[in-house]
Amino acid sequence: MCGENRYDAVSDTFLPDPVYWGDASQTVPLTLPVTGVCGSGGVPPEHRIRVSTAGSGCVHVLFDDLTGAYRVTRAEYQNFNGWAAPPDVFTDSNGQVGKQKITQSFDGWTTNVTQRVTEYFAGYPAETNVFAASPSVTFNGWVRGSSAYAVDRLPADADNTPDPADPKLRNVAVALMGGESGLGLGYIHNQAGATLPDGLGGISFKSRLRQSANPFEAVYYKYGFAMQNYLVRVNVRAADPLPPESPSVSVLGYYSDPENFYEFRVTQIPDTAFPVRDKRIAFELYKWQSGIPYRLARSAPGVNLSLNVETRLEMRMYSVGSMTEIRCKFGTSDNVVSYSDSGQTGGPALTQGGTIGFMSSDCRSGFSAVESQPTSSGAVPTGVATSLLSAVEPTFSSDVSNWSLAPSCRWEALATVTPRGIYAVEPTQTLGVYLQPTEWGTEGTPAAPGAAAWTLAHEILLTGFDDATHQIPVEAWRSHFVMLRVIGRPDGRRVDVVVDELGLSGWRGQTGSELSPGEDEQTNLPAAHEWTATEAWVSEGRVDLDHRRGGREVDALGAEGAWLDQSVRSPCMMTGAGMLEFDYQVLRAPARLTVQYAPAETPDAWQEVSSWVVAEAMTAFSHASVFLGTNSAGYLRVLNEHDDACGDARVLIDHAVAWDEPPVDDTAWRAYNAKISDSDALRVMLDESKACFLNNSQTAETDPVQDRALPFLQSPVLAFQFGSLTFMARAYDAGTPATIAIYASTNGCAAPAERWFKVHEFSDISHVLYQTYRFAPSVPAQFDAIRLVVATDGSSGRACVDDVAVCEPDAVAVAPCLTALGPATPISERAALEGDGQVTVRLSEPYPETVEIRLDVSPGASAANGRLSLAATNLVFEAGSVEQHVAINAVKDGTALSGADGFTVTPVMVSPAAAQLYYSASVAAVVRVQNDAPVIVSPGAGTQQQPLVTVPCGQPFNFRWEVTDVAADCTDNVGGGMQITWGFGDGTQSIAWGATGVIAHAYATEGVKTVSMTACDKDGAADEISFTVSVVAAPVTSASPVPVPHAWLDLYPTALSAAGGDYEQAAQDDVDSDGHAAWQEYVAGSDPTNQFSVFRAHVAVSNGTEQVTWTPDLGPFARRYTVEGKTNLTDAVWSAREPGMHFYKVNVSFP
């Protein structure tokens, strides 16, 4: 026997050190009952006690760990934790030792991961901004039409680039045309294959609007068509945030109609040198001739510019003959583009003049403070400027009427913003999200856009030129083709939609199972011997049965039929299907949970066992136990049933258990008209698990009706003489005491009721707490089986029963005694080494009243005896308790006496007086506390062969020490504390006291010295070390006027580093620039790296007498201070002090 993991009440832990008991070896296993005496020790015995149970289910061991006496008998035992039965009704059931319990926590199952298909357009388009009506396939296999690739001016992020190593690659998206005639409405959709997920959980994408500049929608000054040779000035700005593509603003001059004019265009372009900076602008000059734009000039200066900063633009024109000169200015930069148009590009120059206008693309542009001014040859301003659109009121309101702002959907005049001006109207466009159901894995193609197969699922009204993110939940179990298509505007105007980062997530529930040997996540297939979940989602170690994820049967024409089963199924149980247990939580109600059974030979022929509806969502898990109890092989499963009333349920399943049900024989415990449960909230179970509840009615809460006369719990057939029956019991209902009668049979386990006879009875069993009940006849009896019985005639309440044991006759009784047990081996005086240990106080038999016990410790504490103290010396044992543990305090002192004879801890019964008589014997514990030698921490432990340190010859050197031991041994009391003996290896020795300290020693000669140190505590235990030191002449500089010890320069690493580690150079440098070299500061005793650290002397006059004072250096190096003086500073030399001197200096030198 092994007493492993002994519980220590003081530390609330289980101690790892085991105690072993063993008896003499047996050549063959002994037949029970067996008695004997064990020996104990700290190592496993050579032989083990071997016994044969001879047909009984369990073994009952009665062991006295004080004397080593033991008695082993046969027994039958039941705690109901492995008993499969209906938990909510009183019925008949059995608890067989051979029942299988197949558990499943789902923790090891493969977690379902949402499938996601995307199109981020991460590729290299052959062309951009070229719209085509015909469909084409994108980089990831989507289909687009009436569309074009669009490229942002900004760099692509990691998800949008085909080459993450190239930081200059720009983001690619797709522009869907907004309805221009001849090309239709733009669209993009997925298709069969890799772009089709299993089910459709949701749709995500980015979008923004795109609106090109249109001369037919330009704003212009209505009364300027006759203007010629003029300039136009205007403040322009594009609102934040700037759209990601290429927003532009344009000033129009000589505008005679929408097809003929000059255009000064300013566009935000990619910053190729530093893409994320986004501070580059292109200036372009166009001539529009008969509706066709011809670029005349372009420049893109490498300076930081941005359209979202309001800037003054100027476009100057001057025509003479057949030539027109155009000069353009941006802010303070003139001639950013210029051109002398003589008709060499795009036909004849525009010389007849025209009005002023503006247009913009892809941005919320603003134009304010507009003025014109005459120009002369070279397009040079002349004359006086004329305001055409003032930015102040009331002039602004009257000026606006002179401008054409048609169409109203494109331009608006705003007087309520700063600055007042003409602004582009942010357009709107409607994007449709269309769905077409299909089958996952299909090879079919989606219908053409506009076909009836597409259903408009969502309309999204888009606004703004900046990207917006859209998340559209769908949660469809069936796979769908998804199409984004521009719906168009009521006015028919063209506003394109740019889409990017398309994503579709899967949704369909999956079939999952546990991994069998040899399977992995890729090769795992459900099998009959595995737990299996269908149409389910496994996440965080739970099975999610969600109707929204569950699928339906679909015929060849695509029509949807019956719902597929969402379930968790047990393995096939070949020895019968007993019971299914599981935890469940309904997240979306109502939900109908149905437990079903299917025979092994027809696994799809499911039969209902139990079904219930949960009407409200649950905040926590609940436990279900459904009992079938058939001996036929088959499966059990829980089904999240889909019907008209419960069609949107979601249920989590966790911790499933399946029990088999082998045929019952005489070796099984049996219960009749009893409930075996761990879920009765009104009942207390001993181990927070199952208990047996015996009914007192043939009909109340029974299923089926229990028409036999007496409810009972019956033991297996007894293969031994009946010695005793022990069980825990309490009444089932408050206020209704229970009576449990003990019946026996000598006519076999299956004897009829009239052949069982009562042998004992326990009455007035209360509802308050479980109590132990024991029946042992004075003479052992030969019974076939035992029953615990509750009457149904109204004489008894229902009873709760647990921990039932039927045993062979007990061992011979012994007189009650009071025992104290200490540690088996001496304990260390240092808690950190061995642990403090404990004393166990034990009553051999429980006492029905509270008792008080005192612990006496002897001898008392002293320097010779040592010290032992306990955490408590007065103990109170409540009625029925038999054992307490008392911690030994950490503060201890071991001596030679305490380590040999030890301390005696004697338990003394204090009260009550009757208990003093009852416990006639008392056994004391012996606790031995050993003295531990001190441990030298510093200098390092052991013997050092190489010199531990270099010591300068002739200079004092400090040897430091640190020793650990218990507090009583660490004092510095001379003659009674920690004695430290130093031998310096040069024939000298010193003694010091205390656990820590410093001792100085100077060596007179050079060489390697062996130093020894011995630490001895007051009890004579010692630790010692030895090490060598190298005594050398202290190295000094040779080139400096005064030799400077290297050790002194080592104190100032900054100075040494400045000299490149050269000690000679460091001695003569002045690193702190205070006018003194390091060797001088060494002589003066100042810091060579601190310019404020200097040798200072003070002159003061006291009572007419000058006094020169200074602070001498009291370090290890002696110095000579010489005071000299002068009568006048003009005197040639300093001399020894004489009366009448008023000027002094102090010379510092070494003797």
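Positions in the sequence shown are counted from 1; adding 1 to them yields my numbering.
Positions of the beta carbon are idealized from the N, C-alpha and C atoms, including for glycine.
- With a cutoff of 9 Å on beta-carbon distance, residue 174 and residue 138 are scored as not near each other.
- Residue pairing for residue 623: DSSP places it in a beta bridge opposite 585.
- For residue 600, the enclosing beta strand (DSSP E) covers residues 592–600.
- A distance below 9 Å separates the beta carbons of residue 1015 and residue 1025.
- For residue 765, the enclosing beta strand (DSSP E) stretches over residues 757–766.
- Here residue 868 is near residue 892, since their CB atoms are less than 9 Å apart.
- Look at residue 508 here: in three-state DSSP terms it is coil, with no helix or strand label.
- When the five nearest sequence neighbours on each side are left out, the beta carbons in the same chain lying within less than 7 Å of the beta carbon of residue 959 are those of 999 and 1001, in order along the chain.
- In terms of CA proximity to residue 338, 297 leads the group 439, 347, 246 and 297.
- Taking all protein chains in view, the Cβ of residue 238 is crowded by 16 or more other Cβ atoms within 10 Å, so the residue is classified as buried.
- Under a 10 Å Cβ-count criterion, residue 109 is classified as exposed, with fewer than 16 other Cβ atoms of the shown protein chains found around its own Cβ.
- Shown here, residue 554 sits in a strand according to DSSP, grouped into three states.
- The three-state secondary structure of residue 804, taken from DSSP, is strand.
- Residue 608: member of the beta strand (DSSP E) spanning 608–615, first to last residue.
- Annotated three-state conformation of residue 713 is strand, per DSSP.
- Straight through space, the alpha carbons of residue 696 and residue 727 are spaced by roughly 20 Å.
- In the displayed model, residue 397 falls within a helix according to three-state DSSP.
- Burial state of residue 530 is exposed, judged by a 10 Å Cβ sphere holding fewer than 16 other Cβ atoms.
- Counting every other CB atom within 10 Å of its CB across the protein chains shown gives residue 223 a total below 16, marking it as exposed.
- Looking at 160, 251, 718 and 1080, the one whose alpha-carbon comes closest to that of residue 1067 is 1080.
- Setting aside the 5 residues that flank it on each side, residue 299 is surrounded in the same chain by 285, each with a C-beta closer than 6 Å to its C-beta; the list follows chain order.
- Around the CB of residue 712, 16 or more other CB atoms lie within 10 Å, so the residue is classed as buried.
- Rounded to the nearest angstrom, the gap between the Cα atoms of residue 120 and residue 256 is 44 Å.
- About 19 Å separates the CB atoms of residue 586 and residue 535; that is not less than 8 Å, and the two are not in contact.
- With distances taken between CA atoms, residue 455 lies nearest to 481 out of 440, 481 and 926.
- In this structure, residue 777 lies away from residue 789, with their beta-carbon atoms at least 9 Å apart.
- Distance from the CA of residue 653 to the CA of residue 624, rounded to the nearest whole angstrom, comes to 12 Å.
- With a threshold of 16 other beta carbon atoms within 10 Å, residue 125 falls short and is exposed.
- In the three-state reduction of the DSSP assignment, residue 886 falls in the strand class.
- Counting every other CB atom within 10 Å of its CB across the protein chains shown gives residue 673 a total of 16 or more, marking it as buried.
- If you look at residue 485, you'll find it in the beta strand (DSSP E) that goes 481–487.
- Spatial neighbours of residue 201 in its own chain (CB-CB distance under 6 Å, excluding positions within 5 residues in sequence) are listed in chain order as 475, 477, 481 and 508.
- Taking 9 Å as the cut-off, the beta carbon of residue 842 is found closer than this to the beta carbon of residue 822.
- Residue pairing from DSSP places residue 501 in a beta bridge opposite 207.
- Under a 10 Å Cβ-count criterion, residue 295 is classified as exposed, with fewer than 16 other Cβ atoms of the shown protein chains found around its own Cβ.
- Looking at 638, 734, 656 and 793, the one whose alpha-carbon comes closest to that of residue 709 is 793.
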